[in-house]
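Residue numbers (this note's numbering), protein chains in the order written: chain A, 4 to 265; chain B, 2 to 352. Below is one structure, written out as structure tokens; the observations come after it.
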Amino acid sequence: MTQQAHILQVQGLSFAYRPDRPAVLSDVSFSAQMGTLLVVLGPNGSGKTTLLRCLLRLLRIRAGEIILDGRAIRSYSPEQLARLMAYVPQIPQSAFAFTVAQIVMLGRTPHLGALGFETDLDRRVSRSAMEMTGTLEFADRALEELSGGEAQRVMIARAIAQQPQVLLLDEPTSHLDLKNQLAIYRMMVRLAHDWPMAVVCVSHDINMAGRFADELLLMRRGAVAAHGPPASVLRSDVLASVYEVEVQLLAGPDGLPLVIAR
Amino acid sequence: MTNTSPATPPSGQAKPSPLAGGSTAGGFTRGRLVALAGGMMSLWAAAVALCMLVPWWVPLTGETLRLRLYRLIPASVAGAALSVAGVALQSLLRNPLASPEILGISSGATVGAMLAMLAGSAVFIGVSGAGSITAAAAAGGVVTILVVYFIAQRRGRLDPYTLLLTGVIVTAFNGAIIMFLYRLAPPGVFREITFWSMGQVREQTEPELLVLAGTVVAMGWGVLLGRAKGFNVQSLGDDVAASAGVNVQALRLVSFGCVALMTAAAVTLAGPVAFVGLIVPHLTRRLLGADHRRLILAAGWVGATFLALADTLCRASAFWRVGELPVGLITAAAGGPFFLYLLRRRFRERI
């Protein structure tokens, strides 16, 4: 366990797909703390997914620094990085008919030796990942037999079997119905607060994010427009300028603002 | 966005194999790997022992046994090589329709080997040409895989269907070169080259060629076994694999290299035997499930068994009126319909 509260720090991050093209991200700085859920919001093309891909080291950043657990992420080996940070993709997919238990066990990949033998620890960790996500009951089924919500929970189980300190999710609820959206958000909160880890989630759902996130990061055209607790970010003037629509805030049931586009 | 194109096909199998071993069946341990290796080796050994007795009406002498072994061993090595290469390609491309033959690697290795054979026959290198034939086949395989890869990739991303299509086109192009080389072949080697290029194990494989090809196949197999856990997580997409500590580019590079070399070794021994690299991975996956740590190990032995049996069928066919059939004919006759069946099923799944 790390002593650092700010497990993930992003400082002055800039990125462009090609040197002669305009920057997709420019001078992005923020940090994510252990035990919190940070939701990244912003319109299409604001750089949310690009930011996530930079954090995952899938894209090479042009300027700035991404610091994970006190060290720049470029100084980690792939396996070292994977033991600290895990990723849940937007669309669950498996090219071959692995069972759910096998998929969750794939989360242990960075912890296994060269020939991939599993130890009791690996089995215990993936079992508790399945318990935590409620996926144990379909352990022997294939991913494509499951509903969208179930499959997404399996992908989360696989990611936490990696035992990361930082969990990154790319719009995990974009294909899900209301009930499953709620279940995934509650799961992210539990993971962040109880596990604990820093959960960073890219999303489009302002109201879900406002209700469950500890902190919001609002992006606009590759830069940070607002960063802080939901109450400070979800203001009608900020949202109107970022999304370029008129918004109205209504008082929600538990004192949280509900955002309505007009 | 995930790193895979929307065209990424769904799984080739609807349900996990009952033998796959779910959460309750226990995981992958050293003991299980040894048991699997032992079981698969015994399967192969039993098949070879059986094949040694065919044709059973010919009296057994030391000489007939030696001759039969000299065909069974190269056939086994070639079968193992193509099957393991098929598993690796299907995994890397996340596409159960991929195989060394379909991507054009076999045809590229054939062109290389034929060039070396013709050069050898022209300047009388003779038997010492075994190494140069293998090397030329490897060069042909590597060049083909590079061409196919660079046509089909864009910024390191591979579109599976573009790749398959590119393979088909490159195979046709290589076919033209092969036909041209037939025309150049002197009458003395024409017959041998023709039969070999249909896919046939020769009556007498030079021991040094067998050792060389066997070493290449064993090393490639070993390297791919060490990458098996990477293949597994790679099935979930390139991004997930990268986030789980797999260097996806390195995995691809190393695996394509192994696949090209192993295919070249197989082609040198038995010619471009069609569809083994497609059928055997499917059979093995049906039997053992999708886990590549088991699959890569088992597919080699299943492929060795498969081609040993098929080649024995060919040897037996020499006693029929048609004369001895090339083993490539048998595998193609079985593999063509099998490929169509897979294709049809995938179209059904996607609707």
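By construction, the Cβ of each residue, glycine as well, lies at the ideal position given by its N, Cα and C atoms. What you are looking at is a predicted structure, and each value in this text was computed from that prediction instead of being measured.
| Check | Outcome |
| --- | --- |
| Against chain B, does SER244(A) count as a neighbour if the rule is that its beta carbon must be under 8 Å from one of theirs? | no |
| Could you tell me which of ALA76(B), ALA89(B), MET42(B) and LEU119(B) sits nearest to ARG294(B), measuring between CA atoms? | ALA89(B) |
| For a contact meaning CB atoms closer than 8 Å, what does VAL255(B) contact in chain A? | The premise fails here: VAL255(B) is roughly 13 Å from chain A at the closest Cβ pair, so nothing lies under 8 Å. |
| Can you tell which of MET37(A), ALA19(A) and SER78(A) has its C-alpha closest to the C-alpha of SER49(A)? | ALA19(A) |
| Which residue marks the beginning of the beta strand (DSSP E) containing VAL250(A), and which one marks its end? | 250 to 254 |
| Consult DSSP for VAL262(A) and reduce its assignment to one of helix, strand or coil. | strand |
| Thinking C-beta only, is VAL169(A) closer than 8 Å to ALA145(A)? | no |
| Starting from ASP283(A), find everything on chain B with Cβ-Cβ shorter than 9 Å and list it in chain order. | The requested residue 283(A) is not part of the displayed model; chain A covers only 4 to 265. |
| Do TRP302(B) and MET53(B) have their CB atoms nearer than 8 Å? | no |
| Residues in the same chain with beta-carbon distance under 6 Å from ASP217(A), minus the five sequence neighbours each way, listed in chain order, please. | THR39 and LEU40 |
| Does any C-beta atom of chain E lie closer than 8 Å to the C-beta of GLY221(B)? | Among the protein chains in the structure shown, which are A and B, there is no chain E. |
| Taking a cut of 9 Å between CB atoms, which residues from the segment 74 to 102 of chain A lie near chain B? | SER80, PRO81, GLU82, GLN83, LEU84, ALA85, ARG86, MET88, ALA89, TYR90, VAL91, PRO92, GLN93, ILE94, PRO95, GLN96, SER97, ALA98, PHE99, ALA100, PHE101 and THR102 |
| Could you say which of VAL171(B), GLY223(B), ASP312(B) and PRO338(B) lies nearest to LEU197(B) if we only look at CA atoms? | Reading the sequence as shown, one finds Trp at residue 197(B) and not Leu. Cα-wise, what sits closest to TRP197(B) is ASP312(B). |
| Mind checking PRO25(A): buried by the 16 CB within 10 Å criterion, or exposed? | exposed |
| DSSP three-state call for VAL128(B): helix, strand or coil? | Only weak support is given to the placement of VAL128(B): the predicted model assigns it a pLDDT of 43, under 50, and the question is left unresolved by the model. |
| Inspect the CB distances between the segment 80 to 92 of chain A and the segment 27 to 34 of chain A and report whether three or more fall short of 8 Å. | no |
| Rounded to whole angstroms, what's the CA-CA distance from GLY73(A) to ALA8(A)? Just pull it up for me. | 10 Å |
| Taking C-beta pairs closer than 7 Å, name the residues in chain B that ALA117(A) reaches, listed in chain order. | GLY227 |
| Quick one: give me the first and last residue of the alpha helix (DSSP H) that GLU153(A) is part of. | 151 to 164 |
| To be precise: take each residue of the segment 15 to 43 of chain A, compare its Cβ to all Cβ atoms of chain B, and keep it if any distance is under 7 Å. Which residues remain? | none |
| How many whole angstroms separate the CB atoms of GLY290(B) and LEU83(B), which I take to be in contact at a CB cut-off of 8 Å? | Not a contact, Cβ separation roughly 21 Å. |
| Would a check of beta-carbon distances place ASP240(B) closer than 8 Å to chain A? | yes |
| Three Cβ pairs or more, each shorter than 8 Å: is that satisfied between the segment 259 to 268 of chain B and the segment 101 to 116 of chain B? | yes |
| Establish whether the CB of GLY23(B) and some CB of chain A are separated by less than 8 Å. | The predicted model places GLY23(B) with a pLDDT of 42, which falls under 50 and marks its position as unreliable; any figure quoted below should be read in that light. Closer than 8 Å to some Cβ of chain A, the Cβ of GLY23(B) qualifies, so yes. |
| Name the DSSP bridge partner or partners of ILE70(A)? | GLN12(A) and ALA75(A) |
| Could you check the C-alpha separation between ARG316(B) and PRO75(B) for me, to the nearest Å? | 14 Å |
| Can you tell which of CYS204(A), ASP197(A), GLN165(A) and MET211(A) has the C-alpha that lies nearest to the C-alpha of GLN184(A)? | MET211(A) |
| Restricting to runs no shorter than 4 residues, where is the alpha helix (DSSP H) found entirely within the segment 202 to 233 of chain A? | 209 to 215 |
| Nearest to LEU298(B) by CA position, among ALA86(B), ARG69(B) and ASP239(B), is which residue? | ALA86(B) |
| Taking ALA81(B) as the reference, which of GLY221(B), ASP292(B), LEU94(B) and ALA319(B) has the closest Cα? | GLY221(B) |
| Are the Cβ atoms of ARG111(A) and VAL128(A) separated by less than 8 Å? | yes |
| Can you tell me whether DSSP reads PHE33(A) as helix, strand or coil? | strand |
| Mind pulling the chain B residues with CB within less than 8 Å of LEU71(A)? | Here the premise fails: no neighbours, minimum Cβ distance about 13 Å. |
| Taking Cβ positions only, does LEU237(B) come closer than 8 Å to chain A? | yes |
| Suppose the cutoff is 6 Å on Cβ atoms and the five residues either side in sequence are ignored; what does the same chain contact list for ILE146(B) look like? | ILE106, PHE257 and ALA261 |
| Does the segment 321 to 331 of chain B come into contact with the segment 190 to 206 of chain B, if we say contact requires no fewer than three beta-carbon pairs (one atom in each stretch) closer than 8 Å? | yes |
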